[in-house]
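Here is the structure we will look at.
Residue numbers (our numbering), protein chains in the order written: chain A, 1 to 424; chain B, 1 to 302.
Given below as structure tokens:
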């Protein structure tokens, strides 16, 4: 008995150290490895791995991607703990500002800078910069200013795509007259409930007040409850708070998950006729709709309100930043800054890329092609404001403010409450 | 006992039983719902509640399980006979990883805790009370505050990302409770048992292996269940010390990522949750006899 315990103890001590030693050996013997850590998982993780195969084959460098739903917490722990990944894909610019201001990030070097200047619109470089120093490279991005509709049902009813906000309102009234409910809106997203609403506000802000006011609002140079913001809420309220316009009224807005909400358009007969959401919405749709995307689904950009600002595009994306400066890491970053790194993913569908020189024909269907075109050609592109604002607001009081407002809270009170929550 | 008293006793038993049955039903309903949802097709899950199956509408399918358990490419046939191909989640690798993490992370702290508890309870050395107080006081320290300092030390000695690192981490985090629980049990073993052994000239190690360990089986088993469930269900420690690349990712990590970046695949989560649950449920059923015994043993001292 005693012997057995001793043997067991020895085994326990020896085995793992053998393990650890074995691991260290293989690491040295193997080819160069670049570790990438990001927030996207599952399907998108696989697409990303497929997209970087050409790089791995060409250079022999092994790029290991790790994704986690708890990315925001973990990246801070790992960086503080002295164990940062070589490259991280940060979903929120705020995280980048944090790490950059603490000196953890490697700024862009000349050859990468050249590639970024050549391949992206200037707005992307600005979004990846802190204090005038560029750090982040964008790869897959999303664009949110789009309205989706059931193409076949629209054709049957003779509805036409509106090109101005007024036309859209007229179309909505026509739908109501026909006994149809124009919009499906669902903002339920667990702990993140409300973000769908912030996108609406931001989109309308860009259309009524323009990008400059929008930037001031994001940077808190004008208060959160500025008249321009109130105006945006009023415009949205005319749609959201009118039970004739929204499927299920305010109750459904609050309780329907944003992933389920677009599905109501593709029932027979449709329970709703329009849905505003980003390019990623297609993955929420029913399988048979996804299989015939081009025939079933129509899309148009949310129409302009003030001609002066055209059709601005609201969006976001993960920016890749470097923690560990090694030649193979540099090589991979330079690859990410080229259209080649996106082409395979674009062909598989479900992703948009910001590269100026991209081949729009690579996208598998007319829908994504038109989205990419709108993104590349947009005169105004702005990053999702709620991702740029401080966390207490952008991922806190702004979300809950939307919920309260839909619940019937007075607009002025709600806006000034959010304003008060802005960190000093 | 008079017949009146017996009657009262019976009536009391009925009340207790009714309360227990109600509690069991209330606690089980969500799990039953989860189970039913896990065998329904995706569209049904998203459109109607699971209780509608009792009205007889809706189909059943094992596609969710196929996708969860399948390899990188799972092929299955949907209701209309179309063959769909979708990427599976390949939980089998994660299963192996979870076992590799869990088994040593349960055995090591139990062995150390048993020895420490024996020492604190029956061996005389200076500062015994003080050390024991310190160990028990560690119970209130949340492990989150230790993550970054430990990670820094691990970086220095190259333990990050290795199984040994996470075993040691779980051992450290599990020890205070383990020592406390086993101390309560081991200190109740009658003194006579040890005295006769001492008189026979047995050394402490012999007493520990021959007497203490066999006598403490109920307490060790209940601690084993606690530690097993904690390590098996742990996500944070594994993510920090082991990382989440697919070769080392444990089940909880795969489960958390299964819903997709935007939570659109939550129908898969239902099946995944059941797969992950199987092992703890088996462990619990096999050891539950000890579990109840051990809990009682630890709580009533004297």
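Glycine included, every Cβ here is placed at the ideal spot set by N, Cα and C.
(message) Against chain A, with Cβ distances strictly below 9 Å, would residue 240 of chain B count as a contact?
(response) Translated into the one-based positions of the second chain, residue 240 of chain B becomes position 240. For residue 240 of chain B, the answer is yes, since a Cβ of chain A falls inside 9 Å of its Cβ.
(message) Using a Cβ-Cβ distance cut-off of 9 Å, determine whether residue 260 of chain A contacts chain B.
(response) Within the first chain, residue 260 of chain A is the residue found at index 260, counting from 1. Closer than 9 Å: yes.
(request) With a 10 Å radius around its C-beta and 16 neighbouring C-beta atoms as the bar for buried, classify residue 133 of chain B as buried or exposed. (result) If you number the second chain from 1, residue 133 of chain B lands on position 133. Flag for residue 133 of chain B reads exposed.
(request) Would you mind telling me which residues of chain A sit closer than 9 Å to residue 256 of chain B, beta carbon to beta carbon, in chain order? (result) Here residue 256 of chain B refers to the residue found at position 256 when the second chain is read from its first residue. Residues of chain A passing the Cβ test: 41, 68, 69 and 70.
(request) Using a Cβ-Cβ cut-off of less than 8 Å, list which residues of the region 95–111 of chain B approach chain A; keep chain order. (result) 104, 107, 108 and 111
(request) Verify whether the separation of the beta carbon atoms of residue 199 of chain A and residue 384 of chain A is less than 9 Å. (result) Locating residue 199 of chain A in the first chain gives position 199, counting from the first residue. Locating residue 384 of chain A in the first chain gives position 384, counting from the first residue. At a Cβ-Cβ threshold of 9 Å, residue 199 of chain A and residue 384 of chain A count as neighbours.
(request) In angstroms with no decimal places, state the Cα-to-Cα distance between residue 79 of chain A and residue 420 of chain A. (result) Working through the first chain from its first residue, we reach residue 79 of chain A at position 79. Working through the first chain from its first residue, we reach residue 420 of chain A at position 420. About 32 Å.
(message) Taking the alpha carbon of residue 305 of chain A as the reference point, which residue from A:203, A:217, A:368 and A:75 has its own alpha carbon closest?
(response) One-based indexing of the first chain puts residue 305 of chain A at position 305. Closest option to residue 305 of chain A, Cα to Cα, is A:203.
(message) Please classify residue 42 of chain A as buried or exposed, where buried requires at least 16 other C-beta atoms within 10 Å of its C-beta.
(response) Translated into positions along the first chain, residue 42 of chain A becomes position 42. When all chains shown are included, residue 42 of chain A counts as buried.
(request) Within the same chain, show all residues whose beta-carbon is closer than 7 Å to that of residue 195 of chain A, passing over the 5 residues directly before and after it, in chain order. (result) By 1-based counting over the first chain, the position of residue 195 of chain A is 195. 189, 386 and 399, listed in sequence order.
(request) Could you tell me whether the Cβ of residue 28 of chain B comes closer than 9 Å to any Cβ of chain A? (result) Taking the first residue of the second chain as position 1, residue 28 of chain B is located at position 28. By this cut-off, residue 28 of chain B is not an interface position.
(request) Select from B:202, B:221 and B:230 the residue whose C-alpha is nearest the C-alpha of residue 285 of chain B. (result) In the second chain, residue 285 of chain B corresponds to position 285, counting from 1. Checked all of B:202, B:221 and B:230; the closest Cα to residue 285 of chain B is B:221.
(request) Run down chain B in chain order and give the residues with a C-beta less than 9 Å from the C-beta of residue 44 of chain A. (result) Taking the first residue of the first chain as 1, we reach residue 44 of chain A at position 44. The answer, in chain order, is 260 and 261.
(message) Please state the DSSP three-state secondary structure of residue 303 of chain B.
(response) Residue 303 of chain B cannot be examined here, being either before or after the span of chain B that is shown, 1 to 302.
(message) For residue 390 of chain A and residue 417 of chain A, I'd like the C-alpha separation in whole angstroms.
(response) Against the first chain, residue 390 of chain A aligns to sequence position 390. Against the first chain, residue 417 of chain A aligns to sequence position 417. Between residue 390 of chain A and residue 417 of chain A, the C-alpha separation is close to 15 Å.
(message) Let me check one thing: in DSSP terms, what residues is residue 164 of chain A bridge-paired to?
(response) The sequence position of residue 164 of chain A within the first chain is 164, counting from 1. Partner(s): A:304.
(message) Let me check one thing: in DSSP terms, what residues is residue 322 of chain A bridge-paired to?
(response) Position 322 of the first chain holds residue 322 of chain A. Answer is A:87 and A:106.
(request) Could you pull the start and end residues of the alpha helix (DSSP H) that residue 354 of chain A belongs to? (result) For this step, residue 354 of chain A is matched to residue 354 along the first chain. Where residue 354 of chain A is concerned, there is no enclosing alpha helix (DSSP H), given that its DSSP letter is neither H nor E.
(message) Looking at chain A, is there any beta carbon in it that lies within less than 9 Å of the beta carbon of residue 152 of chain B?
(response) Here the question's residue 152 of chain B lines up with position 152 in the second chain. At least one chain A Cβ lies under 9 Å of residue 152 of chain B.
(message) Taking beta-carbon pairs under 9 Å, can you tell me which members of the region 280–294 of chain A lie near chain B?
(response) 280, 283, 284, 286, 287, 288 and 291
(message) Check this for me: beta carbons of residue 166 of chain B and residue 81 of chain A, under 9 Å apart or not?
(response) The residue given as residue 166 of chain B occupies position 166 in the second chain. The residue given as residue 81 of chain A occupies position 81 in the first chain. Between residue 166 of chain B and residue 81 of chain A, the C-beta spacing is not below 9 Å.
(request) Select from the region 232–266 of chain A all residues with a C-beta closer than 9 Å to any C-beta belonging to chain B, and list them in chain order. (result) 257, 258, 259, 260 and 263
(message) Comparing C-alpha positions only, which one of A:52, A:147, A:39 and A:422 sits nearest to residue 278 of chain A?
(response) The count along the first chain starts at 1 and reaches residue 278 of chain A at position 278. Per the Cα distances, A:147.
(message) For a contact defined as C-beta to C-beta under 8 Å, what are the partners of residue 243 of chain B on chain A?
(response) By one-based count along the second chain, residue 243 of chain B stands at place 243. By Cβ distance, chain A contributes 66.
(message) Can you pull the chain B neighbours of residue 80 of chain A, defined as C-beta to C-beta under 7 Å?
(response) Counted from its first residue, the first chain places residue 80 of chain A at position 80. Under the 7 Å cutoff, chain B gives 148.
(request) Closer than 7 Å by C-beta to residue 249 of chain B: which residues in its own chain qualify, once you throw out the five before and the five after it? Chain order, please. (result) In the second chain, the residue the question calls residue 249 of chain B occupies position 249. The residues are 94 and 97.
(request) Assign residue 150 of chain B to buried or exposed, taking buried as 16 or more other Cβ atoms, counted over all protein chains shown, within 10 Å of its Cβ. (result) Within the second chain, numbered from 1, the residue matching residue 150 of chain B stands at position 150. Classification of residue 150 of chain B: buried, given that the 10 Å Cβ count is 16 or more.
(message) Residues in the same chain with beta-carbon distance under 7 Å from residue 124 of chain B, minus the five sequence neighbours each way, listed in chain order, please.
(response) For the purposes of this step, residue 124 of chain B is identified with residue 124 of the second chain, where counting begins at 1. Answer for residue 124 of chain B: no residue qualifies.
(request) Spell out a yes or no on whether the region 158–173 of chain B and the region 100–110 of chain B are touching, meaning 3 or more CB-CB pairs, one atom from each, closer than 8 Å. (result) yes
(message) For residue 116 of chain A, which residues in the same chain have their Cβ closer than 6 Å to its Cβ, ignoring the five residues on either side in sequence?
(response) For this step, residue 116 of chain A is matched to residue 116 along the first chain. Result list for residue 116 of chain A: 125 and 337, in chain order.
(request) Tell me, please, whether the region 205–223 of chain A touches the region 272–287 of chain A by the rule of three or more beta-carbon pairs shorter than 8 Å. (result) no
(request) Name the two residues that bound the continuous beta strand (DSSP E) containing residue 101 of chain B. (result) Numbered from its first residue, the second chain carries residue 101 of chain B at position 101. Residue range 91–122 is occupied by the alpha helix (DSSP H) that includes residue 101 of chain B, with no beta strand (DSSP E) assigned at that position.
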